[in-house]
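Residue numbers (my numbering), protein chains in the order written: chain V, 13 to 497; chain S, 13 to 497. No residue lacks a Cβ here, since even glycine has one placed at the ideal position from N, Cα and C. Since this is a predicted model, take the numbers as computed values, not measurements.
There are 2 protein chains.
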Amino acid sequence: MSENGLASRRGKVLTTDTMNPSVKKVEYAVRGPIVQRAVEIENELKKGAKKPFSEVIKANIGDAHAMGQQPVTFFRQVLALCSYPELLNSPLFPEDVKSRAGRILQSCGGGSIGETLQFCVRQDVAQYIKQRDGGIPCNPDNIYLSTGASDAIVTILKLLVCGEGRTCTGAMIPIPQYPLYSAALAELGAVQINYYLDEENCWSLNIGELRRALVDARKHCNPRVLCIINPGNPTGQVQSRKCIEDVIRFAAEENLFLMADEVYQDNVYADGCHFHSFKKVLFEMGPQYSNTVELASFHSTSKCYMGECGFRGGYMEVVNMDSDVKAQLTKLVSVRLCPPVPGQALMDLVVNPPKPGEPSHATFMKERTATLRSLAERAKLTEQILNTVPGIHCNPVQGAMYSFPQITIPERAVQEAKEKGQAPDMFYCMKLLDETGICVVPGSGFGQKEGTYHFRMTILPPTDKLKILLQKVKEFHMGFTEQFS
Amino acid sequence: MSENGLASRRGKVLTTDTMNPSVKKVEYAVRGPIVQRAVEIENELKKGAKKPFSEVIKANIGDAHAMGQQPVTFFRQVLALCSYPELLNSPLFPEDVKSRAGRILQSCGGGSIGETLQFCVRQDVAQYIKQRDGGIPCNPDNIYLSTGASDAIVTILKLLVCGEGRTCTGAMIPIPQYPLYSAALAELGAVQINYYLDEENCWSLNIGELRRALVDARKHCNPRVLCIINPGNPTGQVQSRKCIEDVIRFAAEENLFLMADEVYQDNVYADGCHFHSFKKVLFEMGPQYSNTVELASFHSTSKCYMGECGFRGGYMEVVNMDSDVKAQLTKLVSVRLCPPVPGQALMDLVVNPPKPGEPSHATFMKERTATLRSLAERAKLTEQILNTVPGIHCNPVQGAMYSFPQITIPERAVQEAKEKGQAPDMFYCMKLLDETGICVVPGSGFGQKEGTYHFRMTILPPTDKLKILLQKVKEFHMGFTEQFS
Chain V
13 MSENGLASRR GKVLTTDTMN PSVKKVEYAV RGPIVQRAVE IENELKKGAK
63 KPFSEVIKAN IGDAHAMGQQ PVTFFRQVLA LCSYPELLNS PLFPEDVKSR
113 AGRILQSCGG GSIGETLQFC VRQDVAQYIK QRDGGIPCNP DNIYLSTGAS
163 DAIVTILKLL VCGEGRTCTG AMIPIPQYPL YSAALAELGA VQINYYLDEE
213 NCWSLNIGEL RRALVDARKH CNPRVLCIIN PGNPTGQVQS RKCIEDVIRF
263 AAEENLFLMA DEVYQDNVYA DGCHFHSFKK VLFEMGPQYS NTVELASFHS
313 TSKCYMGECG FRGGYMEVVN MDSDVKAQLT KLVSVRLCPP VPGQALMDLV
363 VNPPKPGEPS HATFMKERTA TLRSLAERAK LTEQILNTVP GIHCNPVQGA
413 MYSFPQITIP ERAVQEAKEK GQAPDMFYCM KLLDETGICV VPGSGFGQKE
463 GTYHFRMTIL PPTDKLKILL QKVKEFHMGF TEQFS
Chain S
13 MSENGLASRR GKVLTTDTMN PSVKKVEYAV RGPIVQRAVE IENELKKGAK
63 KPFSEVIKAN IGDAHAMGQQ PVTFFRQVLA LCSYPELLNS PLFPEDVKSR
113 AGRILQSCGG GSIGETLQFC VRQDVAQYIK QRDGGIPCNP DNIYLSTGAS
163 DAIVTILKLL VCGEGRTCTG AMIPIPQYPL YSAALAELGA VQINYYLDEE
213 NCWSLNIGEL RRALVDARKH CNPRVLCIIN PGNPTGQVQS RKCIEDVIRF
263 AAEENLFLMA DEVYQDNVYA DGCHFHSFKK VLFEMGPQYS NTVELASFHS
313 TSKCYMGECG FRGGYMEVVN MDSDVKAQLT KLVSVRLCPP VPGQALMDLV
363 VNPPKPGEPS HATFMKERTA TLRSLAERAK LTEQILNTVP GIHCNPVQGA
413 MYSFPQITIP ERAVQEAKEK GQAPDMFYCM KLLDETGICV VPGSGFGQKE
463 GTYHFRMTIL PPTDKLKILL QKVKEFHMGF TEQFS
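What follows is the structure, given as structure tokens:
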């Protein structure tokens, strides 16, 4: 190398000044500074540090297995056989487990789950959707498998992004939202259009607010897509059928592409609440809607009674998508090769679980029911205990896996947070973590009305632990309020 | 919905005219029109159509299991136990399999592979790299797990993209290339800078050509990154140590970020060829390089003797990356949650296989050796038979999983292809598929010197089948030449 060459190497090629500016704008609070602090505290505890608690409780992420939920036996038995087909000869497994594993292996060209199986899964997904939606047809050609739902959501947003300045694609997202949406929009350089959920009415979606947000946005961008999360994350509401109809009508009138994030479709707990898929409601509204409104809806293996976050299984169904765009979508997903095959296999089992009369059916139903019943109990418990705390107000957790209570933060604490350069609810959550070991995510990471403060806490800890945790939150909040009043 | 509303819905929201223009520019030949035609033919065969062949042989994708390669027993046994931990009590499995599965499950917070395990894998990867590279240290903090190598490659390119017009990031890629690179650059809106590999010298990389490409590119963009694929895809060359040193010196002089795609690191067949990692060579060149040159290198579970494409396991190591950029990288990958956990577990087993003395060691070594030996045999066979065909010239397949022979296409065939609006090698490959059932990818999908034609064919079919396949290619080529002469 020449002297000259060495001299020309003035510094790093890649610095925060010279990196992709869109990536810098990405925020993702669910695994942000609060989680880094949680990991630090865990390490301090391991090294024998004395704290007023003995473990960090991660109520920040919706990972059910991490909180002790057991996997569904049938799913895992089939996956074990797919991994190691020698077990097909073992007497340890029921016949239906073996026949399922055999079917999945056969769908893989070479008989190994080392490769794609796609087609059989897409057919089974279509069958599941048809049955879920009371017989409304579903075409396997409209099903795209994905690496969890996140992957599919980002892919659809990516297709929709174009233009600059006033013609730049705008995407309407709920506030509070799951921050995948804001992160993806920042990365793609699209405009985020906030519509606020109505906290006073149990986080319901209000069409007037949708219209306000849209009219405002049209002044500076081109709104093209409306994102819905139902049941809601982080807000836990379940949309009524009437509300879904209104949203579909609104999308039709305003020429918006609909994205329905329905990953919590089995997680509905409150009396009188039911899950209605956007697809079903769309089709029941008649051909003037079902033949025109473009819809992508998303599901995954990570939530519901399964909780299999690690397998990254997912799918989306697209309805009324232009056929040339579908060809572009197919091309785009091909570049990334296939979604993980164990996740595909798991997705297949989720959409096609054991049937009555099959050997695994009773156990499957028992496990599924127990998990959903226990989640419903924990949802109720969370709401009840939090609402006993002066200065905390928690809406009913109608569905999904989170509570998102509003917290009153005394003015003096708000001031102290500002002096530290922290959002007030980040200040609150950091203190909660340091004093109790409980890790929750500040509401500012999801978005909230100016001047209000919240945190997101999962309902996933086991009931006994959850009671203790909620009691600790209560004591912390009362102490915090006293300290800063 | 108002009449007005209905009238306003003039057409689809998302059409090829209104979609993301960068996505439209993406091309991915490996699963392009040739594969769609192959699927059509398979369906025709299923329906009883009469063809001069009875099956389609997919020599287009590097999926070893699809071509009949058996999975490594140890890997699959451990994965089965991780899926269904009840099997830990079964006498069917050797002790080292059980202890490995136990270790992986323990690394998962809740004891289920339904969630992230990351930390233990990153430590094991660092240990593997250190051992592979003769003791050069590797810090687990520099390891990022990924969903196959593709995911990590796109992520690094994404970090590097910024600017517009003359300041827009340019990325140097080999031609021929694996089309993930061109696809990712198109999608990200970066400038693709082609440097041509030297076909006359066994597809070697020539520094003069690198310099030519760089100087040209500086006239219209900002070249910041140099991508290397070693062993080469689709070209099968293995870089010499001297060449790697030259490339590193070039990157240092010209201030380029290095990306080394090393997913075929165990696939080296030719006498006298060895795999040298960029990391190792960089560190052996001394601190003036090892302390400055920014490098990201990539590996996965999909190739080598493993061939586990479906698990989407992978990692990258970053060296000399700015610490603030690393924080941005960590944030970016967190948004997509974790790579598939079964893939992480598999990656862990790949970097930490059975050791001598452990019960599974002998079988593991036998399987690994047999696979690599057979691939070496098939590499040789492919080169030899193709070179017996007048009008086909095939460089030695020194490594990886593909041959990329140059084919002479008669002028009359070139004309006929042009009339059909097809690239001449696409015309050739379509005819090959229609007449023989053999599916290969036209060279134009990877890039090639103007006026030359190639195809990429995997060496993955079992030896007996490969011989028949090569014989058929020979006959086809001779017939094709005669027909169009």
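CB contact flag (residue i, residue j, <9 angstroms)
{"i": "ARG253 (chain S)", "j": "HIS288 (chain S)", "result": "yes"}
{"i": "ILE141 (chain S)", "j": "LYS367 (chain S)", "result": "no"}
{"i": "CYS451 (chain V)", "j": "ALA50 (chain V)", "result": "yes"}
{"i": "LEU478 (chain V)", "j": "ARG390 (chain V)", "result": "yes"}
{"i": "SER497 (chain V)", "j": "ARG424 (chain V)", "result": "yes"}
{"i": "GLN340 (chain S)", "j": "VAL133 (chain S)", "result": "no"}
{"i": "CYS239 (chain V)", "j": "ASP273 (chain V)", "result": "yes"}
{"i": "VAL173 (chain V)", "j": "LEU344 (chain S)", "result": "no"}
{"i": "PHE376 (chain S)", "j": "PRO422 (chain S)", "result": "no"}
{"i": "GLU266 (chain S)", "j": "VAL293 (chain S)", "result": "no"}
{"i": "MET469 (chain V)", "j": "ASN72 (chain V)", "result": "yes"}
{"i": "VAL99 (chain V)", "j": "LEU100 (chain S)", "result": "For the sequence presented, residue 99 (chain V) should be read as Leu rather than Val. Their beta carbons are not under 9 angstroms apart, which means LEU99 (chain V) does not touch LEU100 (chain S) by this criterion."}
{"i": "ILE53 (chain S)", "j": "VAL453 (chain S)", "result": "no"}
Residue of the options minimising C-alpha distance to residue i
{"i": "GLU212 (chain V)", "options": "V:VAL166, V:GLN460, V:VAL485, V:GLN495", "result": "V:GLN460"}
{"i": "TYR317 (chain S)", "options": "S:CYS94, S:GLU423, S:THR27, S:VAL84", "result": "S:VAL84"}
{"i": "GLY455 (chain V)", "options": "V:CYS350, V:ASN245, V:GLU423", "result": "V:ASN245"}
{"i": "TRP215 (chain V)", "options": "V:VAL401, V:GLN249, V:LYS70", "result": "V:GLN249"}
{"i": "PHE310 (chain S)", "options": "S:ILE46, S:ARG224, S:THR159", "result": "S:THR159"}
{"i": "VAL275 (chain S)", "options": "S:TYR414, S:SER314, S:PRO402, S:LYS432", "result": "S:SER314"}
{"i": "ALA183 (chain S)", "options": "S:LEU482, S:LEU270, S:VAL90", "result": "S:LEU270"}
{"i": "LYS231 (chain V)", "options": "V:LEU197, V:ARG178, V:ASP210", "result": "V:ARG178"}
{"i": "ILE471 (chain V)", "options": "V:THR420, V:TYR465, V:LEU482", "result": "V:LEU482"}
{"i": "LYS486 (chain S)", "options": "S:PRO235, S:ILE397, S:ALA78", "result": "S:ILE397"}
{"i": "PHE87 (chain V)", "options": "V:ALA388, V:GLY403, V:GLY319, V:THR448", "result": "V:GLY319"}
{"i": "VAL137 (chain V)", "options": "V:ILE241, V:ALA225, V:GLU329", "result": "V:GLU329"}
{"i": "THR448 (chain V)", "options": "V:ALA196, V:HIS489, V:PHE467", "result": "V:HIS489"}
{"i": "GLY44 (chain V)", "options": "V:ASN303, V:ILE480, V:GLY457", "result": "V:GLY457"}
{"i": "ASP476 (chain V)", "options": "V:GLY80, V:LYS58, V:ALA61, V:PRO402", "result": "V:GLY80"}
{"i": "ASN32 (chain V)", "options": "S:ALA61, S:VAL47, S:ASP336, S:ALA78", "result": "S:ASP336"}
Beta-bridge pairing of residue i - partner residues as DSSP gives them
{"i": "LEU270 (chain S)", "result": "S:LEU238, S:LEU307"}
{"i": "ARG468 (chain V)", "result": "V:VAL453"}
{"i": "VAL330 (chain S)", "result": "S:ALA308"}
{"i": "ASN250 (chain S)", "result": "The sequence given here has Val at residue 250 (chain S), not Asn. DSSP, once it has assigned bridges, lists no residue as partnering VAL250 (chain S)."}
{"i": "LYS448 (chain S)", "result": "The sequence given here places Thr at residue 448 (chain S); Lys does not occur at that position. For THR448 (chain S), which the question treats as bridged, DSSP gives no partner whatsoever."}
{"i": "LYS70 (chain V)", "result": "V:CYS451"}
{"i": "GLY325 (chain S)", "result": "S:THR159"}
{"i": "GLN418 (chain V)", "result": "V:HIS405, V:HIS466"}
{"i": "VAL280 (chain V)", "result": "V:GLY411"}
Any non-hydrogen atom of the ligand MG closer than 8 angstroms to residue i Cβ
{"i": "CYS321 (chain S)", "result": "In the structure shown, the ligand MG is absent, as is every other ligand, since no ligand is present at all."}
Report task. For the region 355 to 371 of chain S and the region 289 to 300 of chain S, state whether three or more C-beta atom pairs, one from each stretch, are separated by less than 8 angstroms. Result -> no
Query raised in the report: So, do the region 432 to 442 of chain V and the region 160 to 175 of chain V have three or more beta carbon pairs nearer to each other than 8 angstroms?
Result: no
Query raised in the report: Should the region 186 to 200 of chain S be called in touch with the region 227 to 246 of chain S, which here means at least 3 C-beta pairs below 8 angstroms?
Result: yes
Report task. Would you check if the region 441 to 448 of chain V and the region 24 to 31 of chain V touch, i.e. whether three or more CB-CB distances between them fall below 8 angstroms? Result -> no
Report task. Let me know the alpha helix (DSSP H) ranges lying completely inside the region 165 to 238 of chain S, each 4 residues or longer, listed in chain order. Result -> 192 to 200, 219 to 230
Report task. May I have a chain-ordered list of the alpha helix (DSSP H) segments no shorter than 4 residues that lie completely inside the region 364 to 415 of chain V? Result -> Entirely contained in the region 364 to 415 of chain V, the alpha helix (DSSP H) runs reaching 4 residues are, in chain order, 373 to 398.
Query raised in the report: Counting Cβ pairs closer than 8 angstroms, one from the region 87 to 96 of chain V and one from the region 108 to 117 of chain V, do we hit at least three?
Result: yes
Requested in this report: Determine, using beta-carbon pairs with one atom in the region 132 to 147 of chain S and one in the region 200 to 210 of chain S, whether at least three such pairs fall under 8 angstroms.
Outcome: No, the region 132 to 147 of chain S does not touch the region 200 to 210 of chain S.
Query raised in the report: At which residue ranges does the region 337 to 367 of chain V contain complete alpha helix (DSSP H) runs of 4 or more residues, listed in the order of the chain?
Result: Positions of the alpha helix (DSSP H) runs, each at least 4 residues long and wholly inside the region 337 to 367 of chain V, are given as 353 to 363 in order along the chain.
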